[in-house]
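What follows is one structure encoded as structure tokens, with my remarks underneath.
Number of protein chains: 2
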Amino acid sequence: VHPVSRGRNWGYGSRVPPRDGAVVLDLHRLASVGDYDPELGTVRVEAGVTQVQLHDFLLARGGAHLMDPTGSTPDASVLANALERGFGHTPHADHADHLVGLEVVLPDGSVLRTGLAGTPGAAAAAAHRWAAGPALDGLFLQSRLGVVTSATVQLMPRPAAARSFFFSAVPGTGVADLVDALRPLRQAGTVGSAVHLANAYKVVSGLQRYPWDRTGGATPLRPEALAPLAAGLGVGPWSGSGALYGSAAQVRDAARQVRRALRGRVTTLRFLDDRRLAAVETLARRGLLPGVLGRGVGLVRPVHGLLMGRPSPHAIESAYWRMREPFDAARAPERDPDRDGCGLLWVSPVLPLRGRDAAEVDRIVTRVTLGHGLEPVVSLTLLTPRSAVAVVSLLFDRTVPGGDEQAAACAADLTARLAAAGYHSYRPAVPARRDGTGLDEASARVVAAVRREVDPAGILSAGA
Amino acid sequence: VHPVSRGRNWGYGSRVPPRDGAVVLDLHRLASVGDYDPELGTVRVEAGVTQVQLHDFLLARGGAHLMDPTGSTPDASVLANALERGFGHTPHADHADHLVGLEVVLPDGSVLRTGLAGTPGAAAAAAHRWAAGPALDGLFLQSRLGVVTSATVQLMPRPAAARSFFFSAVPGTGVADLVDALRPLRQAGTVGSAVHLANAYKVVSGLQRYPWDRTGGATPLRPEALAPLAAGLGVGPWSGSGALYGSAAQVRDAARQVRRALRGRVTTLRFLDDRRLAAVETLARRGLLPGVLGRGVGLVRPVHGLLMGRPSPHAIESAYWRMREPFDAARAPERDPDRDGCGLLWVSPVLPLRGRDAAEVDRIVTRVTLGHGLEPVVSLTLLTPRSAVAVVSLLFDRTVPGGDEQAAACAADLTARLAAAGYHSYRPAVPARRDGTGLDEASARVVAAVRREVDPAGILSAGA
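As you go down the protein sequences, you meet chains P and U in turn. Heads up: the first sequence begins at 1 in the working numbering, then just goes up one per residue. Heads up: the second sequence begins at 1001 in the working numbering, then just goes up one per residue.
What follows is the structure, given as structure tokens:
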């Protein structure tokens, strides 16, 4: 029995069970949102509730609270993403960290509730993470010990003021400089959002398809070939985004600090709020912005939206990078990379929030992916005040013979080389072992003991 | 075998094993602090490291990071307090939430490391909470599944600017008003510290002994008798403290917001930084402050210190409330309530961060404690953006025959009545059951399965 919520775990195995012959337990009809508490900012979601559904629910209740969207499809499950330790963009980016009171159906049919949700009538069941005694929530993250059917999501209150910001690094400013410049602002809480850095490959893949004509059909696209392409699109070596939240005065002061930290390191640094974005878009529609800026608005809108709690399908388009059909951002809402034969594997090492680690990960990724005939399409999310996650998108065309094998070999090699350097994946793909590849022997014994207790017949995601 | 770190778990059982005949495993010589990372703000502490030791260590390394002290003795173990889900005052008040990479000696002698600390060479072991796969950290909170010998503490960077604030509610302003006024500031992050509210009983017990003379030796001290006493000391029905951190401009703006939120609800609202406090103290020493203010300075200094990351013994003095010897705050550093026969039991329900819940807890506590002949000595800590913990101090004199039994009966009754109303203790006393009194049946089964695996002979804190 292999549970899926919405089956949109793209890049990490989608809805595929670990082995053939499994019964897929499809939870998408567990789609109710409820118990919204506007004072405390908590809401209960079932496993099948999508990002857009939660967003619309909150908006219909007055919009006093934001959800934190991932850059993936608006149709992905909120709960499943959090259980896989997915992340987004706002101060609530670390989704697992804002999940409490899991309701879990164990493989033996009994129901387990974590935290105070396990105590009937507990007033703080949605408000407080812990009950007295050991906490079991962690057992159900990235595991196969139970089917989580619902949980409470702790929401961010809509701030009095909010501004997103966007920047592009000057040539010669590497990812290490940016990370070191931004770390103090993340640690002091000045920048409340996760900061998202993307290399030129990543940005270009969101603007167009693989340049088959320029390269005469050859792959991969080498840095020398990318450079003129990126320059023509006005894309620097690294681009970044983040947001500031608070009172108007606090946001103004935070913007000053961001400007100071990035001075000399970036060519452009723009701050946007909803009103300013609308004004810029009006100019762009009337053709009053130069070409590069005009295209930039199209990229900026969805990212600004994510930072303001609005899910967007936009990022999906980059999964089509190696496909032969024309680029069409407007089609993003109808995209389904699984259906369309897009190859997408994510390898996502976690690293300390330090420039030299970011540079080292970037070096390993560039060498290994190009060596396997794929591009180093990299984003780096400054997720917590002390750690970042690099998401390497291995983009390929599944309809090309041998494409799957080539990408799988690249993923395996990349994962191994990163791990050898100390950078381990934050998130295993579903077909991989689910009992904690990163756990030591004693921890693995504990997990096995729990599994024997709750799943004596070994029916849940067997083979994982 | 019953492990204790420093044995200062005052109010929750101190160093006493759950049953007679136990071997006490004293960890106080595991006292090394190390692996300080000034870039990431992490440090590794062993089980015996005290609050003052960590504070002094950080100061000697340049003071770039703060530790979060509890109001308990500076000689309490940092790690043991965090494992018991203890809390302090700064933005890192929730101690368990800033602990990663536990090293645990299991009762069968094997060693378990949680998170990335279980993977040799993981670069982000101190920086990131999670490894891939299920997380086991929660199993070792408030449990008896292993002896945690060391862990990494994630530290707060010293802010550019910081101000504590202190206020006293106007008569007629109840705890409900204060909680509702402060909730939006906690949720928006404007007030980054935990906010601490104390009723008049709590404040008076920090200023003097039980007024044996005024009451002719009778107990408890009824509200009618407390009122003139509190008025004479300039103590309002509820007093509060908290702090603001950030850039100078952000702290100024946050102070404006605190003033606006509390307007009309408080008589005094004072903001202090280290420099201003020193100036006020100079005035007080020269006798240039009126009596009430002069006494206030003595109370304010240690709380300001806690909010700035400096441990203080000051709060201990209130454990002597019912003792017959004279009040002497200056003696706090030598105090040991266990040695001196002070009776101290803490009952500490968790509640949603909502005025009506705070008022209801206060009503129950007042009725039940007075009914058992003890005073409702209450502090309420606005611990997280959505929840608060009320700490009810049952203060008695263990040298009085029947004192223990009276207090134990009060604690049991109070715990039961609070739980019946939905307010469950965040923290069990050590002699109580350690397998999760708040857990549902399925969770208890999982914990029991883990215990069978790691402690087949049932040797750890047996009888709990």
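The beta-carbon is built from N, C-alpha and C at its ideal position, and this holds for glycine as well. All of these numbers come straight from a predicted model, not from anything done at the bench.
* Figure out for me which residue from U:Asp-1397, U:Arg-1286, U:Gly-1242 has the closest Cα to the Cα of Arg-1270 (chain U). => For Arg-1270 (chain U), the closest of U:Asp-1397, U:Arg-1286, U:Gly-1242 by C-alpha to C-alpha distance is U:Gly-1242.
* **Contact list for the region 24-56 of chain P against chain U, Cβ threshold 9 Å** => Residues are counted here when their Cβ sits less than 9 Å from a Cβ of chain U; for the region 24-56 of chain P these are Asp-37, Glu-39, Leu-40, Gly-41, Thr-42, given in chain order.
* Near Arg-61 (chain P), what residues of its chain come up, given a Cβ to Cβ distance below 8 Å and the 5 sequence neighbours on each side ignored? -> The beta carbon of Arg-61 (chain P) lies closer than 8 Å to those of Tyr-36, Pro-38 in the same chain, with the five residues before and after it left out.
* Asked: Helix, strand or coil: how does DSSP classify Trp-1238 (chain U) here?
  -> Trp-1238 (chain U): strand per DSSP, three-state reduction.
* **Buried versus exposed call for Val-1258 (chain U) [16 or more other C-beta atoms within 10 Å across all chains shown]** => That one is buried.
* Please work out which residues of its chain come closer than 7 Å, Cβ to Cβ, to Pro-1091 (chain U), disregarding the five sequence neighbours upstream and downstream, and give them in chain order. => Closer than 7 Å at the Cβ level, and outside the excluded window around Pro-1091 (chain U), lie Met-1156, Gly-1192, Ser-1193, Tyr-1245.
* Asked: Residues in its own chain within less than 8 Å of Leu-1054 (chain U) by CB, not counting five upstream and five downstream?
  -> Hits under 8 Å: Val-1033, Val-1043, Val-1045, Met-1067, Val-1078, Val-1153.
* Whole angstroms is fine: what's the gap from Arg-1310 (chain U)'s alpha carbon to Leu-1382 (chain U)'s? => Each residue's alpha carbon lies about 20 Å from the other.
* In the DSSP assignment, find the alpha helix (DSSP H) that holds Thr-366 (chain P) and state where it starts and stops. => Start and end: 355-371.
* Asked: Is any beta-carbon of chain U found at less than 7 Å from that of Ala-162 (chain P)?
  -> Taking 7 Å as the CB threshold, Ala-162 (chain P) stays off the interface with chain U.
* Whether Ala-1123 (chain U) touches Asp-180 (chain P) by CB criterion (7 Å) -> Not closer than 7 Å, so no.
* Coarse secondary structure for Gln-154 (chain P), derived from DSSP in three states -> Strand.
* Through-space distance from Asp-1097 (chain U) to Gly-1240 (chain U), alpha-carbon basis -> When rounded, the distance between both Cα atoms is 24 Å.
* To do: Output yes if chain U places a C-beta closer than 7 Å to the C-beta of Ala-127 (chain P); else output no.
  => Residue contact with chain U for Ala-127 (chain P): present (Cβ-Cβ distance below 7 Å to some residue of chain U).
* Mind checking whether Gly-1343 (chain U) and Asp-1397 (chain U) have CB atoms under 7 Å apart? -> Yes, the pair counts as a contact, with Cβ atoms nearer than the cut-off.
* Endpoints, the alpha helix (DSSP H) within which Ser-443 (chain P) is located -> Here the alpha helix (DSSP H) through Ser-443 (chain P) covers 441-454.
* Reducing DSSP to helix, strand and coil, say where His-196 (chain P) ends up. => In the structure shown, His-196 (chain P) sits in a strand (DSSP, three-state: E or B).
* Mind checking who Tyr-1245 (chain U) pairs with in its DSSP beta bridge? => Beta-bridge partners assigned by DSSP to Tyr-1245 (chain U): U:Ala-1162.
* To do: Under 8 Å between beta-carbons, which chain U residues line up against Arg-275 (chain P)? List them in chain order, please.
  => None at all; the shortest Cβ gap to chain U is about 21 Å.
* Asked: Are Val-1450 (chain U) and Val-446 (chain P) touching if we call contact CB-CB under 7 Å?
  -> Going by C-beta atoms, Val-1450 (chain U) is nearer than 7 Å to Val-446 (chain P).
* **Cα-Cα separation between Gln-1250 (chain U) and Phe-1057 (chain U), rounded to whole angstroms** => In this structure, the alpha-carbon of Gln-1250 (chain U) lies about 29 Å from that of Phe-1057 (chain U).
* To do: Determine, using beta carbons only, whether His-424 (chain P) comes closer than 7 Å to chain U.
  => With its beta carbon less than 7 Å from one in chain U, His-424 (chain P) belongs to the interface.
* Listing by chain order, which chain U residues have their CB less than 9 Å from the CB of Leu-83 (chain P)? -> Leu-83 (chain P) does not reach chain U, its nearest Cβ partner there being about 10 Å away, counting only Cβ pairs nearer than 9 Å.
* To do: State the DSSP-derived secondary structure class of His-65 (chain P), mapped to helix, strand or coil.
  => When DSSP states are grouped into helix, strand and coil, His-65 (chain P) belongs to the strand group.
* Asked: CB Phe-1167 (chain U) to CB Val-1235 (chain U), shorter than 7 Å?
  -> With contacts defined as CB atoms closer than 7 Å, Phe-1167 (chain U) and Val-1235 (chain U) fail to qualify as a contacting pair.
* Apart from the five residues just before and just after His-1372 (chain U), which ones in its own chain have a Cβ nearer than 7 Å to its Cβ? -> Cβ within range, chain order: Gln-1406, Ala-1409, Cys-1410, Asp-1413.
* To do: With 8 Å as the C-beta to C-beta threshold (strictly closer), list the residues of the region 1132-1160 of chain U near chain P in chain order.
  => Flagged, chain order: Ala-1132, Gly-1133, Pro-1134, Ala-1135, Leu-1136, Asp-1137, Gly-1138, Leu-1139, Phe-1140, Leu-1141, Gln-1142, Ser-1143, Leu-1145, Gln-1154, Pro-1157, Pro-1159, Ala-1160.
* Among residues of its own chain, excluding the 5 on either side of Ala-329 (chain P), which ones have a beta-carbon nearer than 7 Å to its beta-carbon? -> These residues qualify, in order along the chain: Gly-298, His-314, Glu-317.
* Using alpha carbons as the reference points, say which of U:Ala-1131, U:Ser-1164, U:Pro-1326, U:Gly-1118 lies closest to Asp-1213 (chain U). => Of the candidates U:Ala-1131, U:Ser-1164, U:Pro-1326, U:Gly-1118, U:Pro-1326 places its Cα closest to the Cα of Asp-1213 (chain U).
* To do: State the Cα-Cα distance for the pair Ala-218 (chain P) and Leu-345 (chain P), rounded to the nearest angstrom.
  => Here the alpha carbons of Leu-345 (chain P) and Ala-218 (chain P) stand approximately 21 Å from one another.
* Helix, strand or coil: how does DSSP classify Ser-318 (chain P) here? -> Helix.
* Asked: Quick one: is the Cβ of Pro-18 (chain P) within less than 6 Å of any heavy atom of the ligand ADP?
  -> No copy of the ligand ADP appears in this structure; indeed no ligand is present at all.
* Give the residues of chain P in contact with Trp-1130 (chain U), contact being defined as C-beta atoms less than 7 Å apart. => For Trp-1130 (chain U), the residues of chain P that pass the 7 Å Cβ criterion are Arg-85, Tyr-426, in the order they occur in the chain.
* **Residues that Ser-379 (chain P) contacts on chain U, provided the C-beta gap is smaller than 7 Å** => Result: empty, since nearest Cβ-Cβ is about 17 Å, beyond 7 Å.
* Asked: From which residue to which residue does the alpha helix (DSSP H) around Asp-404 (chain P) run?
  -> Counting along the chain, the unbroken alpha helix (DSSP H) around Asp-404 (chain P) starts and ends at 403-420.
* To do: At 7 Å on the CB atoms, spell out the chain U contacts of Val-111 (chain P), in chain order.
  => Here the neighbours are Ala-1442.
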